[in-house]
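The structure appears right after this line, and notes come after that.
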Amino acid sequence: MIGQSLIDGVRETVGLPGDPSGVRVVCAMSGGVDSTVTAALLKQAGFDVVGITLQLYDHGEAIRRKGACCAGQDIHDARRAASAIGIPHYVLDFESRFKEAVIDDFVESYLGGETPIPCVTCNQTVKFADLLARAKDLDAAALATGHYVESRPRGDGSPRRDMFTPADLSRDQSYFLFATTQDQLDYLRFPLGTLTKAETRAIAAELGLAVADKPDSQDICFVPDGDYAALIRKLRPEGVEPGDIVDLAGRLLGRHEGIIHYTIGQRRGLGLAGGEPLYVVKIDAKAKRVVVGPREALRQENIRVTGLNWLGEPLDSNPRSVFAKIRSARPPVPADIRRCGQGPVITIRGGEYGVSPGQACVLYAGEGPGQRVLGGGFIARA
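Numbering (my numbering), first residue to last: 2 to 383.
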């Protein structure tokens, strides 16, 4: 499995000149199999590898739960893996920063009627801003992570790099990396982009790494039991208020115990009896009101986004053909993007269902593996 061709591929992915032993690369190590194999491959390729784990939170159940990123057990696993690989390892306490940038933002977004993506916020702030700065402080030539995406030199003689979807689309994490800026992308490396998850685990097993069979994290890392509503009630009890459930005409259909329990497109758990199937089509945070309607009411063609991070060629008022993904688990669909007076507008050809404020709309040059990631933004409230 770990043949010369794989080692050569890792060196090509890193793409830094000179003797690898003289090139320092910091590897973000979460304690999982992906980041551990990333560090191991870099070491096998001859680079001067330094492992860094961020302590992001450390509380109760999260400490004991396996598969929760960067809690107590995961820090132990990362430290043990670094020792087995033979690289130095450091733990940085980013708890307060993580709470401010990620957890507090998550809570406020839900109270505002949005469905946030904390992984994007974490990458955007803690990992690819704060950790990246620490890597540069260590005179590292690059920061490597275990994300399943590819980055390649642009090929125009500049130091610029482009991001692409990975070989294994079932593990594609480009949706969560859309906010990576061009300067950050030029410094980042993703050695797993050409591998499948099965190949990654096989490499870990071949190297005798204890995390080879460690389960993947499934839930939001700081909500280990999956009950995000309980977290919001604990941090902002005054923000969780009951309100009305109404139809599109404003007729009262029922009551709810807080808008934090609902998201656009939701059908189950509405507590409404009889009649046609109803879906959440709008959340009015100011009025504490949940609006429901038929599935067709979820269909939306034009999407406005905030915080557009654009990695492609400059946009103008003329539509540019792209593929757009509005949820991480959905495939990209044909769309157009253009700039207008009120900001970028993305038009989904044929429309999409369940466009939810707070989620991302990520744009690609095509569909399938090896497609360029053009950027994206957060879906704005209507």
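All C-beta atoms in this analysis are idealised placements derived from N, C-alpha and C, irrespective of residue type, glycine included. All figures in this text were calculated on a predicted structure; none of them were measured in a lab.
- Collapsing the DSSP output to three states places P21 in a helix.
- Around the C-beta of C341, fewer than 16 other C-beta atoms lie within 10 Å, and the residue is accordingly described as exposed.
- Contact annotation: the segment 258-268 touches the segment 225-237, with at least three C-beta pairs closer than 8 Å.
- Taking C-alpha positions only, D9 is separated from A141 by approximately 20 Å.
- The secondary-structure analysis by DSSP pairs S171 with nothing; it has no beta-bridge partner.
- I347 has its alpha-carbon roughly 7 Å from the corresponding atom of R339.
- DSSP places N124 in the helix class (H, G or I) of the three-state scheme.
- Per the C-alpha coordinates, the member of G276, P295, A274 and G272 positioned closest to K283 is P295.
- When the Cα atoms are used, G33 and D78 turn out to be separated by approximately 8 Å.
- V38 carries a helical assignment under DSSP once its states are collapsed to helix, strand and coil.
- Put simply, of P154, L57 and L55 the residue whose alpha carbon is nearest the alpha carbon of E13 is P154.
- The three-state secondary structure of V11, taken from DSSP, is helix.
- Per DSSP, H257 is one residue of the beta strand (DSSP E) stretching across L253 to H257.
- In this structure, the beta-carbon distance from G308 to G378 falls below 8 Å.
- Inter-residue distance for V127 and A366 is about 28 Å (C-alpha atoms, whole angstroms).
- Counting other Cβ atoms within 10 Å of its Cβ, S322 stays below 16 and is therefore classed as exposed.
- DSSP, read as helix, strand or coil, puts G156 in coil.
- Nearest to A381 by alpha-carbon distance, out of D75, R350 and Q301, is Q301.
- The Cβ atoms of D169 and K198 sit closer than 8 Å to each other.
- Taking the C-beta atoms as reference points, F95 is found no nearer than 8 Å to T146.
- Only residues of its own chain outside the window of five on either side were considered, and among them P21, V24 and V26 have a CB closer than 6 Å to the CB of F48, listed in chain order.
- S97 and Y58 have their C-alpha atoms roughly 8 Å apart.
- With fewer than 16 other Cβ atoms inside 10 Å of its own Cβ, G270 counts as exposed.
- Annotation: T201 is outside any beta strand (DSSP E); the continuous alpha helix (DSSP H) that includes it extends over K198 to E207.
- Secondary structure remark: continuous beta strand (DSSP E) runs of at least 3 residues inside the segment 291-343, in chain order: 300-311, 321-326 and 334-341.
- In the DSSP assignment, the residues bridged to H90 are G52.
- Ranked by how close their Cα comes to the Cα of G4, the residues E207, G376, L316 and N319 have E207 in first place.
- Boundaries of the alpha helix (DSSP H) around V108: D105 to L112.
- The beta-bridge partner set that DSSP reports for M30 is empty.
- Under a 10 Å Cβ-count criterion, L273 is classified as exposed, with fewer than 16 other Cβ atoms of the shown protein chains found around its own Cβ.
- Boundaries of the beta strand (DSSP E) harbouring R162: R162 to F165, taken from the DSSP string.
- If you keep only unbroken alpha helix (DSSP H) runs of at least 4 residues inside the segment 209-279, you get 229-236.
- DSSP places L178 outside any alpha helix (DSSP H), giving it a letter other than H or E.
- Per DSSP, F379 is one residue of the beta strand (DSSP E) stretching across V374 to I380.
- Exclusion of the five residues before and after P333 leaves F324, A325, K326, Y365 and E368 as the residues of its chain whose Cβ lies within less than 7 Å of its Cβ.
- Going by DSSP, A145 is part of the beta strand (DSSP E) stretching over A143 to A145.
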